[in-house]
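So the structure is just underneath, and the comments pick up after that.
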Amino acid sequence: GAGVSQSPSNKVTEKGKDVELRCDPISGHTALYWYRQSLGQGLEFLIYFQGNSAPDKSGLPSDRFSAERTGGSVSTLTIQRTQQEDSAVYLCASSGVVSGPGELFFGSGTQLSVL
Amino acid sequence: AQSVTQPDIHITVSEGASLELRCNYSYGATPYLFWYVQSPGQGLQLLLKYFSGDTLVQGIKGFEAEFKRSQSSFNLRKPSVHWSDAAEYFCAVGARNTDKLIFGTGTRLQVFP
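Residue numbers (my numbering), protein chains in the order written: chain A, 1 to 115; chain B, 116 to 228.
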């Protein structure tokens with residue numbers, strides 16, 4: 001596609017439920033990132049996929065969070081047993097060799113609200 | 116570990132005034148440095164980046180930033196602010212062996228006519 005696509009754009013869930021957030025990166029981009037944006041917290045790094053390498057999961061806040069990337073393209077971020085503190089905007093980004101190091105292309109995000 | 120500090124949470128300027136947004140980083144070697152902008156209702160967009168060479172880098176929309184190694188800073192500047200520059204600005208640092216970026220907490224810019 002022309003840009004990074006994220007779905008859903010908004011998700012409201014009840015505490016304790018599981019949610020799945022989807023990211024479709026720019027075609028051909030080998031790197032994919034998930035960040036979380038909370039008020040006053042900036043962009044918090046969650047996880048980073050680069051090609052076929054093992055993902056960098058160092059930013060995942062707890063074992064309730066996981067992510068996978070299938071076929072080197074689409075990624076799903078899963079949050080199990082959601083808590084109210086998980087409420088945030090979840091941003092996905094991708095980058096490729098042509099775009100150069102650090103030039104990330106961001107999606108519009110998924111606004112997650114946990115009631 | 117890499118880290119980024121943006122000491123100003125919120126800045127207000129008048130249209131036409133000059134602007135400087137501060138960014139300090141912590142990293143053991145020469146980093147890659149970036150400024151991103153997030154306009155209301157839009158995704159983040161890269162403004163400019165520093166990899167090496169000339170320490171004054173030019174970006175889009177008339178912005179520039181200067182890398183000062185001695186101060187571990189990468190401040191963003193614009194000589195004359197436009198109302199459309201109202202947005203949130205994020206500084207980020209990256210390591211030279213990875214595309215992973217660490218972002219600061221952002222500075223919200225408000226522009227008065």
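A virtual CB, placed ideally from N, CA and C, is assigned to each residue, including glycine.
For residue i, the first and last residue of its enclosing beta strand (DSSP E)
i: threonine 30/A; result: Unbroken run through threonine 30/A: none, as it is neither H nor E.
i: tyrosine 140/B; result: 139 to 141
i: valine 12/A; result: 10 to 13
i: leucine 60/A; result: First-last for leucine 60/A: undefined, no H or E at that position.
i: valine 89/A; result: 88 to 95
i: threonine 110/A; result: 110 to 114
i: glutamine 153/B; result: 147 to 153
i: threonine 120/B; result: 118 to 120
i: leucine 171/B; result: 171 to 173
i: leucine 136/B; result: 134 to 136
Contacting residues, own chain, Cβ-Cβ under 6 Å from residue i (five flanking each side not counted)
i: glutamine 111/A; result: Asn10 and Val89
i: phenylalanine 49/A; result: Leu32, Pro55 and Arg69
i: leucine 104/A; result: Ala93 and Ser95
i: glutamate 135/B; result: Asn190 and Arg192
i: serine 113/A; result: Val12 and Ser87
i: glutamine 80/A; result: Asp18 and Arg64
i: phenylalanine 149/B; result: Lys164 and Ala207
In DSSP terms, what residue i is bridged to
i: valine 128/B; result: Val226/B
i: tryptophan 198/B; result: The partner list for tryptophan 198/B (beta bridge, DSSP) is empty, contrary to what the question assumes.
i: phenylalanine 104/B; result: In the structure displayed, chain B extends from 116 to 228; residue 104/B sits before or after that span and is not available.
i: arginine 184/B; result: Answer is none; arginine 184/B lacks a bridge partner.
i: valine 4/A; result: Valine 4/A pairs with nothing; no bridge assigned.
i: alanine 67/A; result: Leu77/A
i: phenylalanine 45/A; result: Tyr35/A
i: leucine 161/B; result: Tyr151/B
i: glutamate 179/B; result: Gln173/B and Arg192/B
i: glutamine 83/A; result: Beta-bridge pairing links glutamine 83/A to no other residue.
i: leucine 21/A; result: Leu77/A
i: phenylalanine 106/A; result: Ala93/A
Cβ-Cβ separation, residue j to residue i (assumed contact under 8 Å), whole Å
i: leucine 161/B; j: alanine 180/B; result: Contact doesn't hold; Cβ gap of about 12 Å is too wide.
i: threonine 222/B; j: glutamine 41/A; result: Not really, about 14 Å apart at Cβ, beyond 8 Å.
i: alanine 210/B; j: glutamine 117/B; result: 6 Å
i: glycine 102/A; j: glutamine 6/A; result: Rounded, the Cβ-Cβ distance is 20 Å, inconsistent with contact.
i: serine 133/B; j: proline 194/B; result: 5 Å
i: leucine 43/A; j: phenylalanine 182/B; result: Leucine 43/A to phenylalanine 182/B, Cβ: 21 Å. No contact.
i: glycine 16/A; j: threonine 82/A; result: 7 Å
i: leucine 77/A; j: leucine 21/A; result: 4 Å
Residues of its chain near residue i, where Cβ-Cβ distance is below 7 Å and the 5 sequence neighbours each way are ignored
i: histidine 29/A; result: Ser94, Ser95 and Gly96
i: leucine 60/A; result: Leu46 and Ile47
Cβ neighbours of residue i in the same chain (closer than 8 Å, five flanking residues each side left out)
i: glutamine 186/B; result: Asn139
The region 131 to 145 of chain B / the region 71 to 78 of chain A touching (three or more Cβ pairs under 8 Å)
The region 131 to 145 of chain B vs the region 71 to 78 of chain A: no contact.
Is it true that the region 117 to 134 of chain B meets the region 213 to 227 of chain B, where meeting means three or more beta-carbon pairs spaced less than 8 Å apart?
Taking 8 Å as the limit for Cβ pairs, the verdict is that the region 213 to 227 of chain B does touch the region 117 to 134 of chain B.
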